[in-house]
Structures are given as C-alpha cells and as structure tokens.
Amino acid sequence: MTIFFLILGVAIIGLAIFVNIQPDRFKVTRSAVVPGSPAEVFAQVNSLRNWNAWSPWARMDPNAKNSFEGPESGVDAAMSWAGNKTVGEGRMTIIESRPNEIVKFRLEFIKPFRATSTTIFTFTPEGAGTRVTWSMTGDKNFIAKGMHLIMDCDKMVGGQFEDGLRNMGEVLKKAA
C-alpha cells in the first residue's frame, strides 16, 4: 500500500510540474478576406451594437442579454452580456481604435470562469475586400494551463473566430 501512495504522489508531483512548465500566455488568431472596404468592415467591429448581426456567440444564444455603456463606438464603448452556459457572462471595452486600421478590446469573462484577455482586430485592404485579422491573447494561470492540456483552445476559440468572420462577410454582402 505504501508503494501505491508513493507512486501516486510522484505521479501527482510530475503532473503538477508538467502543467506548471506550460506556456504562461496563449494566442489565438484567425484571418479572412471579407467583402467591403476597410471603413465598412471597421464599422462592424468598432460599434458594439453591430456585433449581434455577426458574432458567433450571438448565434449560440440569441436570448443573451446585452447592455451597452459609453459612446456609440470607439474608445470606451463597452458591452456586457449574460447568456446561457455556452456564452456565459462578461464585458468587453474598446481600449484603442484607429479608423480603418485597428480595434483593440479588453475582454473580461465572468462566467463560466474568470479571465481577462486582449482582443485585436486589424483591417488591411486586399483585392476587392478587406483582410480582417482577429486575435486574442491572455495569461494562463496554473488552472488555465491544465485546462489547455485537455481542451484545444486554439481549435475551439479559433473555430468561433472563423464563424464570426464568415458571418461578418455575409452581413457585408447583404449590405452591398
């Protein structure tokens, strides 16, 4: 019995060390060319009231409650949401906005877990459309490092970003 607990203890310590040496930060990035000028695409992102038309999370929970604070668009515009267990609860605030170039957000998750990350959209003319690059970066604590071993954050969140970019393209096509 003593050997069993010794082996179990060594395994737990080994797992803890393995989790702890994982990267301290994560980054998820997706990019797509969508129809429309950088100004048209920028407007979809820079005004948080436009997000429900293309956000993948709005489609996951159309009954989520959204509230808006601050200016209509640009720096200090903020949106809070409370939705089902898939969408959770949180808040995003625009912290940087340069017309037709970049929109940067502070993204705060409250439920199903607490976390803060930075989300950035960049806009570059490409052909008849605009290349939109959507990225999210953040720190990983010990628990998040362990979760990232089980869940593929890049695949999960990246897939949602891909859906959002595709949805945005559809919205812009209809508006053209």
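In the numbering used here, the protein residues as written are 1236 to 1411.
Cβ atoms here follow ideal geometry from the backbone N, Cα and C, with glycine treated the same way.
Keep in mind it's a predicted model, so treat the numbers as computed, not measured.
Buried or exposed (CB count within 10 angstroms, at least 16 for buried), residue i
{"i": "N1281", "result": "buried"}
{"i": "M1327", "result": "buried"}
{"i": "M1314", "result": "buried"}
{"i": "I1329", "result": "buried"}
{"i": "L1241", "result": "exposed"}
{"i": "P1273", "result": "buried"}
{"i": "V1367", "result": "buried"}
Residue range of the alpha helix (DSSP H) that includes residue i
{"i": "N1402", "result": "1388-1410"}
{"i": "A1274", "result": "1273-1281"}
{"i": "A1293", "result": "1291-1295"}
Integer Cβ distance of residue i from residue j, believed to fall under 8 Å
{"i": "P1270", "j": "G1399", "result": "Not really, about 15 Å apart at Cβ, beyond 8 Å."}
{"i": "L1342", "j": "T1353", "result": "7 Å"}
{"i": "M1403", "j": "Q1279", "result": "6 Å"}
{"i": "K1300", "j": "A1288", "result": "With 8 Å as the limit, K1300 and A1288 do not qualify as a contact, their Cβ atoms being about 17 Å apart."}
{"i": "V1206", "j": "L1407", "result": "It is not possible to answer for residue 1206, since the shown part of the chain is limited to 1236 through 1411."}
{"i": "P1306", "j": "Q1395", "result": "Not really, about 27 Å apart at Cβ, beyond 8 Å."}
{"i": "L1283", "j": "A1312", "result": "5 Å"}
{"i": "R1260", "j": "G1373", "result": "7 Å"}
{"i": "F1344", "j": "G1325", "result": "4 Å"}
Secondary structure of residue i, DSSP reduced to three states
{"i": "A1313", "result": "strand"}
{"i": "N1301", "result": "strand"}
{"i": "N1319", "result": "coil"}
Extent of the continuous beta strand (DSSP E) to which residue i belongs
{"i": "M1327", "result": "1324-1333"}
{"i": "P1360", "result": "1350-1361"}
{"i": "S1308", "result": "S1308 -> no beta strand (DSSP E), and no H or E assigned at all."}
Which residues DSSP lists as bridging residue i, in chain order
{"i": "S1266", "result": "T1368"}
{"i": "L1342", "result": "M1327, S1352"}
{"i": "I1337", "result": "R1333, T1357"}
Cβ of residue i within 9 Å of any chain C Cβ
{"i": "N1319", "result": "As a matter of chain content, chain C is missing from the structure shown, which is built from one protein chain."}
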